[in-house]
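Q: Let me begin by handing over the structure; questions about it come next.
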Amino acid sequence: MAAPRNRSAAVEAEAGARRQGDSGVELALPSDTAAAAPLCPHGPTLLFVKVNRGKEETRRFYACSACRDRKDCNFFQWEDEKLSGARLAAREAHNQRCQPPLSRTQCVERYLRFIELPLSQRKFCRSCQQLLLPDDWGDHHEHQMVGDVSVTQLRRPSQLLYPLENKKTNAQYLFADRTCQFLVDLLSALGFRRVLCVGTPRLHELIRLTEPGDKKPHIKSLLLDIDFRYSQFYMEDSFCYYNMFNHHFFDGKAALEVCRAFLQEDKGEGVILVTDPPFGGLVEPLANTFKKLIAMWKEGQSQDESHKELPIFWIFPYFFESRICQFFPSFCMLDYQVDYDNHALYKHGKKGRKQSPVRIFTNIPPNKIILPTEEGYRFCPLCQRYVSLENQHCEHCDSCTSKDGRKWNHCFLCKKCVKPSWIHCSICNHCAVPDHSCEGTKDGCFICGELDHKRSTCPNIGTSKKANKAVRKQKQRKSNKMKMETTEGRSMNHTSVTGRKKRRERAHQYLCS
Numbered sequence: 001m002a003a004p005r006n007r008s009a010a011v012e013a014e015a016g017a018r019r020q021g022d023s024g025v026e027l028a029l030p031s032d033t034a035a036a037a038p039l040c041p042h043g044p045t046l047l048f049v050k051v052n053r054g055k056e057e058t059r060r061f062y063a064c065s066a067c068r069d070r071k072d073c074n075f076f077q078w079e080d081e082k083l084s085g086a087r088l089a090a091r092e093a094h095n096q097r098c099q100p101p102l103s104r105t106q107c108v109e110r111y112l113r114f115i116e117l118p119l120s121q122r123k124f125c126r127s128c129q130q131l132l133l134p135d136d137w138g139d140h141h142e143h144q145m146v147g148d149v150s151v152t153q154l155r156r157p158s159q160l161l162y163p164l165e166n167k168k169t170n171a172q173y174l175f176a177d178r179t180c181q182f183l184v185d186l187l188s189a190l191g192f193r194r195v196l197c198v199g200t201p202r203l204h205e206l207i208r209l210t211e212p213g214d215k216k217p218h219i220k221s222l223l224l225d226i227d228f229r230y231s232q233f234y235m236e237d238s239f240c241y242y243n244m245f246n247h248h249f250f251d252g253k254a255a256l257e258v259c260r261a262f263l264q265e266d267k268g269e270g271v272i273l274v275t276d277p278p279f280g281g282l283v284e285p286l287a288n289t290f291k292k293l294i295a296m297w298k299e300g301q302s303q304d305e306s307h308k309e310l311p312i313f314w315i316f317p318y319f320f321e322s323r324i325c326q327f328f329p330s331f332c333m334l335d336y337q338v339d340y341d342n343h344a345l346y347k348h349g350k351k352g353r354k355q356s357p358v359r360i361f362t363n364i365p366p367n368k369i370i371l372p373t374e375e376g377y378r379f380c381p382l383c384q385r386y387v388s389l390e391n392q393h394c395e396h397c398d399s400c401t402s403k404d405g406r407k408w409n410h411c412f413l414c415k416k417c418v419k420p421s422w423i424h425c426s427i428c429n430h431c432a433v434p435d436h437s438c439e440g441t442k443d444g445c446f447i448c449g450e451l452d453h454k455r456s457t458c459p460n461i462g463t464s465k466k467a468n469k470a471v472r473k474q475k476q477r478k479s480n481k482m483k484m485e486t487t488e489g490r491s492m493n494h495t496s497v498t499g500r501k502k503r504r505e506r507a508h509q510y511l512c513s
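Following UniProt numbering, the numbering of the sequence shown begins with 1 at its first residue and continues without gaps.
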């Protein structure tokens, strides 16, 4: 599947930042001497830190890389927490219970046996989402079944499998056929012979279904995806069970070597990475993963070719443009609107604000990419690239400035083009929606308040950490002192009560004598 994703209303909230108000959670980079990250059912966890504007940095903690909702994966561990052997053993047992019931080798063996069965004996259990061998029929006789599974159906597993529907973790939206066909035709026109599909199962299927013709070369594809159900339909050299948020191959070194060999084949020539990550995920861990795949590809390059870049299509909403370009400055955004088969909004033909916000970010020069004119794209001779029909060239900005497919208006005060629904606010001194809050929070550094960088790249971060450490120590000393005073007070109070009791007993004895 495309990896676990949340493409509902939370998408726009993610675009602004990972912060809400004056606090938020950021990805933290572990130190060089730090131990390996602890494991959850989805592989190595990521290190996070909660930050508050103008306040000290709190303790860092490990959490699941793939699931944003603690109900789906409740892993949590402080960075400096020491666990007992019993808790570590219990965690390991839990991780094992959460793994798929069949190993990769078992899936391949079952698949080879399944395709040898006569058509009448090929059955698929929709309830369990599993290909069935004759020995399995008795355990599934009350389930919803699909019979006579053809070779064509086996080659389109995304149409057999139910899309996962947990909107916070596994909301699975698949490319529409129109988008898939455009991508396959474009990859072929650009001369690519191999496609590493990271979270793009529909594209992987169509590439494998496309027969090489006189003009079209044969294209090979390898799918990396976190949906283990695809293990039933592919051999080891065409699918790897993979988490793109932590670059984790669930089947170990063997799967890693499959990916490495695929990227380095023909000395790395003719390969491209196409990825469709979950929109609710953080950009930074995704960028770190793609850089590791790039490094793997470069291992097969000679020193003379070290300047080359691995071609990439990163499919993501347009409002993440600044974040993506922060990690990949050579990327540009294409105007092509990506649509999905089972999404109510992200479909082709929508107008205005209802158009799909999903775009293609790439390091391939845009003048080499031809967008279909029959779908409303045109070539801008001034920008030397294809743009959407309503994306008009601005003579003041000297570019086609629209990001969302609508015609944008130039603001002479802001010296840039803005969305047609925005107006210039004299209080904020920039354009915004008419009903915006002029006292809204500003993005920028949580340490020094500057707007040109984030907390993680602040030049004062070292000083801030030292100050925060000193403050924590001071608070700890104060807390210990208060505890000691409280304990001493209780002790003194207990002593005085005991003394009074003894004096009363002596007085009583004296009066009675």
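Positions of the beta carbon are idealized from the N, C-alpha and C atoms, including for glycine.
1. Under three-state DSSP, which class holds Asp214?
2. State the Cα-Cα distance for the pair Asn288 and Leu222, rounded to the nearest angstrom.
3. Between which two residues does the alpha helix (DSSP H) holding Asn95 run?
4. Using a Cβ distance threshold of 8 Å, determine whether the segment 308-323 contacts the segment 387-399, with at least three qualifying pairs required.
5. Tell me which residue opens and which closes the beta strand (DSSP E) that His410 is part of.
6. Look at the alpha carbon of residue 549 and the alpha carbon of Cys197, and state the distance between them as a whole number of angstroms.
7. With DSSP collapsed to three states, give me the class of Trp78.
8. May I ask which residues mark the beginning and end of the alpha helix (DSSP H) holding Leu263?
9. Rounded to the nearest angstrom, what separates Glu205 and Leu112 at their Cα positions?
10. Does the separation of the CB atoms of Glu26 and Val51 fall below 8 Å?
11. Output yes or no for whether 8 Å exceeds the beta carbon distance between Met333 and Leu286.
12. In the DSSP assignment, the alpha helix (DSSP H) including Asn391 goes from what residue to what residue?
13. Do Arg323 and Val274 come within 8 Å of each other at the CB atom, strictly closer than that value?
14. Could you tell me the alpha carbon to alpha carbon distance between Thr373 and Pro365, rounded to whole angstroms?
15. Determine the DSSP secondary structure at Glu375, reduced to helix, strand or coil.
16. Relative to the C-alpha of Gly268, which residue among Glu299, Gly252 and Ile369 is closest?
17. Express the C-alpha separation of Asp304 and Arg359 in angstroms, rounding to a whole number.
18. Within its chain, find whatever has a CB closer than 6 Å to the CB of Trp297; leave out the 5 residues flanking it on each side and keep chain order.
19. To the nearest angstrom, how far is it from the Cα of Leu161 to the Cα of Asn363?
20. Within the same chain, show all residues whose beta-carbon is closer than 8 Å to that of Asp214, passing over the 5 residues directly before and after it, in chain order.
21. By alpha-carbon positions, which one of Gly147, Leu154 and Asp135 ends up nearest to Ile115?
22. May I ask which residues mark the beginning and end of the beta strand (DSSP E) holding Asn52?
23. Considering only residues of the same chain and omitting the five flanking positions on each side of Gly352, which have a CB-CB separation below 7 Å?
A: Well, looking at it:
1. Here residue 214 refers to the residue found at position 214 when the sequence shown is read from its first residue. Because the pLDDT of Asp214 is 49, which lies under 50, any placement of that residue in the model is unreliable, and the question is left without a value.
2. Here residue 288 refers to the residue found at position 288 when the sequence shown is read from its first residue. Here residue 222 refers to the residue found at position 222 when the sequence shown is read from its first residue. Taking the straight line joining both Cα atoms gives about 20 Å.
3. As a first step, residue 95 must be located in the sequence shown, where it is residue number 95. Residues Gly85 to Arg97.
4. no
5. Counting from one through the sequence shown, the residue named residue 410 turns up at place 410. Residues Asn409 to Cys411.
6. Residue 549 falls outside the range modelled here, since the chain spans only 1 to 513, and no answer is possible.
7. The residue labelled residue 78 in the question sits at position 78 within the sequence shown. Reduced to three states, the DSSP call for Trp78 is strand.
8. Within the sequence shown, numbered from 1, the residue matching residue 263 stands at position 263. Residues Lys253 to Gln264.
9. One-based indexing of the sequence shown puts residue 205 at position 205. One-based indexing of the sequence shown puts residue 112 at position 112. Their backbone Cα atoms lie some 18 Å apart in a straight line.
10. Position 26 of the sequence shown, counted from the first residue, corresponds to residue 26. Position 51 of the sequence shown, counted from the first residue, corresponds to residue 51. For Glu26 and Val51, yes; Cβs fall inside 8 Å.
11. Here residue 333 refers to the residue found at position 333 when the sequence shown is read from its first residue. Here residue 286 refers to the residue found at position 286 when the sequence shown is read from its first residue. Cβ distance not < 8 Å, so Met333 and Leu286 don't count as in contact.
12. Here residue 391 is taken as the residue at index 391 of the sequence shown, counted from 1. Here Asn391 belongs to no alpha helix (DSSP H), and DSSP marks it neither H nor E.
13. Position 274 of the sequence shown, counted from the first residue, corresponds to residue 274. Position 323 of the sequence shown, counted from the first residue, corresponds to residue 323. In this structure, Arg323 does not lie closer than 8 Å to Val274 by Cβ.
14. Taking the sequence shown and counting its residues from 1, one reaches residue 373 at position 373. Taking the sequence shown and counting its residues from 1, one reaches residue 365 at position 365. For Thr373 and Pro365, the distance between alpha carbons rounds to 19 Å.
15. Looking up residue 375 in the sequence shown gives position 375. Three-state result, Glu375: helix.
16. By one-based count along the sequence shown, residue 268 stands at place 268. It is Glu299 whose Cα lies nearest to the Cα of Gly268.
17. For the purposes of this step, residue 359 is identified with residue 359 of the sequence shown, where counting begins at 1. For the purposes of this step, residue 304 is identified with residue 304 of the sequence shown, where counting begins at 1. Answer to the nearest angstrom: the Cα atoms are 33 Å apart.
18. On the sequence shown, position 297 is the one that residue 297 refers to. Correct list, in chain order: Leu263, Gly268 and Leu310.
19. To locate residue 161, count along the sequence shown from 1; it is residue 161. To locate residue 363, count along the sequence shown from 1; it is residue 363. About 33 Å.
20. The residue labelled residue 214 in the question sits at position 214 within the sequence shown. Low per-residue confidence applies at Asp214: pLDDT is 49, beneath 50, and the placement is therefore not dependable enough to give any value.
21. Taking the sequence shown and counting its residues from 1, the one referred to as residue 115 is at position 115. Ile115 has its Cα closest to that of Leu154, out of Gly147, Leu154 and Asp135.
22. Residue numbering aside, residue 52 sits at position 52 when the sequence shown is read from its first letter. Run containing Asn52: Leu46 to Asn52, per the beta strand (DSSP E) assignment.
23. As a working note, residue 352 is residue 352 in the sequence shown. Low confidence applies here, because Gly352 scores a pLDDT of 49, under 50, leaving its location unreliable; read the following figure in that light. Counting only Cβ-Cβ distances below 7 Å, and skipping sequence neighbours, we find Arg406.
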